[in-house]
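Here numbering that gives the first Met the number 0 is used: the first residue of the sequence shown is 0, the next is one more, and so on. The beta carbon of each residue, even a glycine, is placed where N, CA and C say it ideally should be. These figures come from a predicted structure and were not determined experimentally. Structure first, commentary second.
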Amino acid sequence: MLGLQDRMNAKVHSDWRNQGFAWCRAAWIECAELMDHYGYKWWKKQDADIEQVQLEIVDIWHFGLSAMFRPGADIDTLAGEIVSELSNYEPSNKGVLEATESLAAYCLRSKSFSVTLFWDLMAAAELSFDQLYKQYVGKNVLNFFRQDHGYKDGSYIKVWQGEEDNVHLVEILASADIASPQFADDVYQRLTARYPAA
């Protein structure tokens with residue numbers, strides 16, 4: 000996933016590692032979007048949309064991965080640090096809202112990202128590591144698809160057949176074979192087949 004994130008960020012900006020982008024700001028803003036999908040308004044009826052909550056977690060992971068890159072640290076080093084940080088950690092059993100707030104507060108306070116607090120959030124939203132991987136790769140492919148179809152210049156069409164592209168992605172991933180060696184390519188081709196401008 001670190002390699003995929005590096006390639007995606009390089010597609011958006013070739014020198015992304017040296018730009019000082021506020022990855023943690025993006026992560027905590029995604030936390031706020033997650034809370035909207037989960038529901039926090041005690042003054043009105045709300046139903047949690049767990050699929051969208053999980054997609055927001057995947058979006059947070061994109062920015063969290065990006066925040067972990069630093070000068071002199073290659074992908075293998077970063078992957079080893081992630082594994083080490085998680086090796087002896089047990090999730091705190093917080094609820095979704097509390098876990099989201101903890102991660103957002105950490106990002107705001109430290110201007111960095113916590114893999115363990117992210118794991119707390121995954122556990123609270125019942126998102127496994129296998130599901131994270133499947134959804135991450137799917138969203139990464141969608142992000143490439145968006146860039147290839149005019150996202151940066153504003154010509155990309157985000158709503159197709161009355162549904163946002165994220166909804167189409169969820170449908171595609173539901174029947175996609177994660178074990179396929181062409182998993183990412185298959186998702187890209189299925190997005191292409193649905194996209195109105197293709």
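_Integer-rounded CB distance, given that residue 30 should sit under 8 angstroms from residue 110_ = As a position in the sequence shown, residue 110 is number 111, starting the count at 1. As a position in the sequence shown, residue 30 is number 31, starting the count at 1. Wrong, their Cβ atoms sit about 15 angstroms apart, outside the cutoff.
*Cα separation between residue 98 and residue 116?*
By 1-based counting over the sequence shown, the position of residue 98 is 99. By 1-based counting over the sequence shown, the position of residue 116 is 117. Each residue's alpha carbon lies about 7 angstroms from the other.
*Could you tell me the distance, in whole angstroms, from the CA atom of residue 95 to the CA atom of residue 181?*
Numbered from 1 along the sequence shown, position 96 holds the residue referred to as residue 95. Numbered from 1 along the sequence shown, position 182 holds the residue referred to as residue 181. Computed Cα separation, rounded: 33 angstroms.
*asked:* Looking at residue 90: is its Cβ nearer than 9 angstroms to the Cβ of residue 118?
replied: In the sequence shown, the residue the question calls residue 90 occupies position 91. In the sequence shown, the residue the question calls residue 118 occupies position 119. Closer than 9 angstroms, so yes.
*Decide yes or no for the touch test of the segment 26-44 against the segment 58-72: beta carbon pairs closer than 8 angstroms, at least 3 of them.*
yes
_Residue range of the alpha helix (DSSP H) that includes residue 108_ = Counted from its first residue, the sequence shown places residue 108 at position 109. From DSSP, the alpha helix (DSSP H) with residue 108 extends over 95-109.
*Terminal residues of the continuous alpha helix (DSSP H) containing residue 133?*
Locating residue 133 in the sequence shown gives position 134, counting from the first residue. First-last of the alpha helix (DSSP H) with residue 133: 128-147.
*What does residue 163 pair with, by DSSP beta-bridge criteria?*
Position 164 of the sequence shown holds residue 163. Residue 163 pairs with 158.
*Using three-state DSSP, classify residue 83 as helix, strand or coil.*
Against the sequence shown, residue 83 aligns to sequence position 84. Helix, per DSSP.
_Close beta carbons around residue 81, own chain, < 6 angstroms, minus the five adjacent residues each side_ = Locating residue 81 in the sequence shown gives position 82, where the first residue counts as 1. For residue 81, where only same-chain residues beyond five positions count, the Cβ hits under 6 angstroms are 114.
*Quick check: the segment 35-49 against the segment 13-20, are there 3 or more CB pairs under 8 angstroms?*
no
*How many whole angstroms separate the CB atoms of residue 78 and residue 1, which I take to be in contact at a CB cut-off of 8 angstroms?*
As a working note, residue 78 is residue 79 in the sequence shown. As a working note, residue 1 is residue 2 in the sequence shown. Correct: roughly 6 angstroms between the Cβ atoms.
_On the criterion of 16 or more Cβ atoms from any shown chain inside 10 Å, does residue 8 qualify as buried, or is it exposed?_
Locating residue 8 in the sequence shown gives position 9, counting from the first residue. Residue 8 comes out buried.
_Beta-carbon within less than 6 angstroms of residue 137's beta-carbon, same chain only, minus the 5 sequence neighbours each way: which residues are those?_
For the purposes of this step, residue 137 is identified with residue 138 of the sequence shown, where counting begins at 1. Around residue 137: 168, 172 and 186.
*residue 11 versus residue 70: straight-line alpha-carbon distance, rounded*: Taking the sequence shown and counting its residues from 1, the one referred to as residue 11 is at position 12. Taking the sequence shown and counting its residues from 1, the one referred to as residue 70 is at position 71. Straight-line Cα distance between these residues: approximately 19 angstroms.
*Could you give the residue range of the alpha helix (DSSP H) that holds residue 59?*
As a position in the sequence shown, residue 59 is number 60, starting the count at 1. Taken as a continuous stretch (DSSP letters only), the alpha helix (DSSP H) holding residue 59 covers 49-67.
*Quick one: give me the first and last residue of the alpha helix (DSSP H) that residue 188 is part of.*
Residue numbering aside, residue 188 sits at position 189 when the sequence shown is read from its first letter. Where residue 188 is concerned, the enclosing alpha helix (DSSP H) starts and stops at 182-193.
*State yes or no: is the C-beta of residue 124 within less than 9 angstroms of the C-beta of residue 49?*
One-based indexing of the sequence shown puts residue 124 at position 125. One-based indexing of the sequence shown puts residue 49 at position 50. Yes, they are a contact pair.
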